[in-house]
Each structure stands twice: as C-alpha cells, then as structure tokens.
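Shown next, in structure tokens, is the structure this report addresses.
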C-alpha cells in the first residue's frame with residue numbers, strides 16, 4: 004500500500020518541504036529536496052528516526068550544581084524518554100571536563116552520554 008508523508012528537511016538551513024512516498028514502509032520517492040541531504044534525511048526519518056539528546060545531570064562538590072550533557076551520537080527516537088528518565092538519577096563528582104563520559108551505553112543504546120561543559124571542583 005502506498006502512503007505519503009510531508010516533512011520539513013533539517014539537513015541544511017534551507018528547510019525544504021519534502022513529499023515522501025512509501026510502499027511497505029520503504030521510501031520509494033522523495034520530492035521537494037534541493038540537495039542530496041533532503042533525500043537522505045527523508046529516508047532516515049521515515050524508516051529509522053534518530054535524535055541527539057541534550058540534558059543535564061547533577062554535580063556534587065562543583066562550582067555549579069549541574070553540567071550539560073548530550074548523547075555522543077544519535078539514538079533511536081523511541082528511546083529518548085527512557086534516556087531522559089535514566090539521566091534524572093545521575094549525579095557526578097566534580098571536577099568534570101568537556102568530553103568526559105558521564106554514562107556508558109545509555110538505556111542499552113550503545114551510545115555514551117558526554118559532558119558538554121567543564122565544572123571545576125570546589126576547594
């Protein structure tokens with residue numbers, strides 16, 4: 004059965020309106036894209052949507068009491084809420100450096116959570 008989806012591409016700043024045709028959950032046609040990124044985005048978004056997750060976790064004995072974090076790579080869109088729930092209970096000890104792994108393999112995704120800011124330890 005043929006289905007259609009309309010998407011706004013986020014592959015580049017243009018933001019093309021995409022018309023995607025799917026048959027048996029497979030992309031068979033993409034229209035409206037002005038570059039290849041649009042076609043790639045439409046195929047991924049319709050068959051395996053993923054996102055980068057950003058959040059924060061608590062810091063103990065730091066100059067501030069929280070540090071911003073993000074996934075090192077995209078995770079399946081269906082796992083976002085599980086990931087965010089898992090992060091709610093995380094507290095790290097200062098000091099924290101940009102790029103430090105805060106949680107390995109978040110929610111079984113094989114993707115690490117990393118710090119996006121440094122937080123010095125209180126002396």
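Residue numbers (our numbering): 4 to 126.
The beta carbon of each residue, even a glycine, is placed where N, CA and C say it ideally should be.
Burial state of residue i, where buried means 16 or more other Cβ atoms lie within 10 Å
i           : result
residue 48  : buried
residue 51  : exposed
residue 113 : exposed
residue 82  : buried
residue 1   : Absent from the model: residue 1. The displayed extent of the chain is 4 to 126, so no value can be given.
residue 74  : buried
residue 109 : buried
residue 19  : buried
residue 39  : exposed
residue 104 : exposed
Per DSSP, the bridge partner or partners of residue i
i          : result
residue 65 : 124
residue 59 : 71
Collapsed DSSP secondary structure at residue i in the structure displayed
i           : result
residue 20  : strand
residue 8   : strand
residue 101 : coil
residue 26  : strand
residue 109 : helix
residue 119 : coil
Whole-angstrom distance between residue j and residue i, CA atom to CA atom
i          : j           : result
residue 1  : residue 115 : Not covered by the structure: residue 1. The range shown for the chain is 4 to 126.
residue 86 : residue 119 : 17 Å
residue 11 : residue 44  : 10 Å
residue 90 : residue 46  : 30 Å
residue 69 : residue 95  : 9 Å
8 Å CB neighbourhood of residue i in its chain, flanking five on each side removed
i          : result
residue 66 : 97, 122, 123, 124, 125
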